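Structure, as structure tokens:
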Amino acid sequence: MVLLRIILFPFAVLYGWITGLRNFLYDKGILKSASFDVPVIAVGNLSVGGTGKTPQVEYLIRLLSENHKVAVLSRGYKRKSSGFVLADPDSNAEILGDEPFQYHRKFPDIQVAVDADRKNGIARLLSLPVKPEVILLDDAYQHRRVTAGFYMLLTAYGDLYPDDFMLPTGHLREGRRGARRANIIVITKCPADISMDTMAAIRRKINPLAGQEVFFSSIDYSDYVLSENSRMMAEEAKALPKTLVAGIAKPGPFFAHLRNETDTLMTFPDHHDFTASDLAEIKRLSENKLIITTEKDYVRLTRKLGSARLYYLPIRTVILRDGDQFDKMINNYVGKSTANRQLH
-9 MVLLRIILFP FAVLYGWITG LRNFLYDKGI LKSASFDVPV IAVGNLSVGG TGKTPQVEYL
51 IRLLSENHKV AVLSRGYKRK SSGFVLADPD SNAEILGDEP FQYHRKFPDI QVAVDADRKN
111 GIARLLSLPV KPEVILLDDA YQHRRVTAGF YMLLTAYGDL YPDDFMLPTG HLREGRRGAR
171 RANIIVITKC PADISMDTMA AIRRKINPLA GQEVFFSSID YSDYVLSENS RMMAEEAKAL
231 PKTLVAGIAK PGPFFAHLRN ETDTLMTFPD HHDFTASDLA EIKRLSENKL IITTEKDYVR
291 LTRKLGSARL YYLPIRTVIL RDGDQFDKMI NNYVGKSTAN RQLH
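Written as structure tokens, this is what we have:
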């Protein structure tokens, strides 16, 4: 692995130079970026996968949807559709992609759309009869064709971007300097009992700019695993023989939370499109046993496996220590942007 990283190092330098030049051209206004007369919050990361974007976007939906008409716009990674698609009652994971369909399924009162061209997607949302009052851009930190009003950068505890390097040697999609665009930096997937000393050390490593705020979050697992029509205590499910299925970037915590020594663990790539042979193998290994998967995988598997023995484990993001301040920053941005919009 070390040798491979050394071999790939020149390509990482070249990739870093290309992305750095692109950002420079956008920063100087040579490449044009569109802005919109509506609050736009971009949620994303510098690295590829596994930082907890989906539960963070869901946190923002819960926070904002009580008082605002919220829309979520995603590219719809690995969907089998193209162009702009607005979710409707007939939508599924194949049309929207895993995460957008999950948002649509969990929050039916908000607008969910997909479009690889975020500029076009925002314009299409704003042309709807019922216009959104705030737009959340899912996984759009590097989408420079749109200038968001507020940037939220996520980086995972134990896998911080200052310790990483550019693709393909490391996992960064752009250089560490990209963090300067962030209004808020969230250290995700922290231990719930993280100490003040550890948080202070991470803040020093992040070295935020003046005006940037650093927050810490953890994943809160539900007390229940859920199916389409029933639920079971997670502790009860943990004691039972079962097959645990995960097609996410970093499935370790999911497995650790539910597994016992008799369980079968099945790992698939992130955003995996389960094939007929995959489904046959899952069924073979889980005969007369429960199947428990992640919420993201459930939206694909439930249509293919049925819901009789298939359950998922819901998760939520919890902001540690300074949750009220975090909420206030988001609400203040949306409130001031909305007020400015009304004035003009």
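Using our numbering, the letters of the sequence shown correspond one by one to residues -9 to 334.
We put the beta carbon where it would ideally sit given N, CA and C, even for glycine.
Here the structure is a predicted model, which is why all the values come from computation and not from measurement.
Checking the sheet assignment: what are the DSSP bridge partners for T254? Listed as beta-bridge partners of T254 by DSSP are T233.
Rounding to the nearest angstrom, what Cα-Cα distance links F205 and V176 in this structure? 5 Å
Are the Cβ atoms of L280 and R249 separated by less than 7 Å? no
Classify E164 as helix, strand or coil using the three-state DSSP reduction. coil
Would you tell me roughly how many angstroms separate the C-alpha atoms of D154 and D260, rounded to the nearest one? 20 Å
Who are I281's beta bridge partners in DSSP? T233, L300
Separation of G325 from D129, as counted between CA atoms: Within the model, the alpha-carbon separation for D129 versus G325 is close to 23 Å.
Take Q46 and list the residues in its own chain whose beta-carbon comes closer than 8 Å to its own, dropping the five residues that flank it on each side. Cβ within range, chain order: V33, M142, L144, V176, T178, S207, T307.
State the DSSP-derived secondary structure class of A224, mapped to helix, strand or coil. helix
Meets three-Cβ-pair contact criterion under 8 Å: the stretch 225 to 232 and the stretch 133 to 141: Here the stretch 225 to 232 does not lie against the stretch 133 to 141, with fewer than 3 beta-carbon pairs under 8 Å apart.
Is the beta carbon of I174 closer than 7 Å to that of S203? It is Glu, not Ser, that sits at residue 203 in the sequence shown. Their beta carbons are under 7 Å apart, which means E203 touches I174 by this criterion.
Residues sharing a beta bridge with Y214, DSSP: Answer by DSSP bridge pairing, in chain order: M223.
Please go through the stretch 109 to 148 and give each complete beta strand (DSSP E) segment of 3 or more residues, from N-terminal end onward. 124 to 128, 140 to 146
Figure out for me which residue from Y93, T283, A239, V3 has the closest Cα to the Cα of S55. Y93
Please report how far the alpha carbon of H334 lies from the alpha carbon of R170, in whole angstroms. Low local confidence applies: a pLDDT of 42 at H334 is under 50, so the model's placement there is unreliable, and no value is given.
With distance defined between alpha-carbon atoms, name the residue in L157, Y151, G242 nearest to T9. L157
Beta-carbon within less than 7 Å of E84's beta-carbon, same chain only, minus the 5 sequence neighbours each way: which residues are those? So the list reads R69, K70, once near-sequence residues are dropped.
Look at the Cβ atom of A103, then the Cβ atom of L63, and state whether they are nearer than 7 Å. Yes, they are a contact pair.
Going by DSSP, which residues form a beta bridge with L75? A quick correction: the sequence has Val, not Leu, at residue 75. Answer is V104, bridged to V75.
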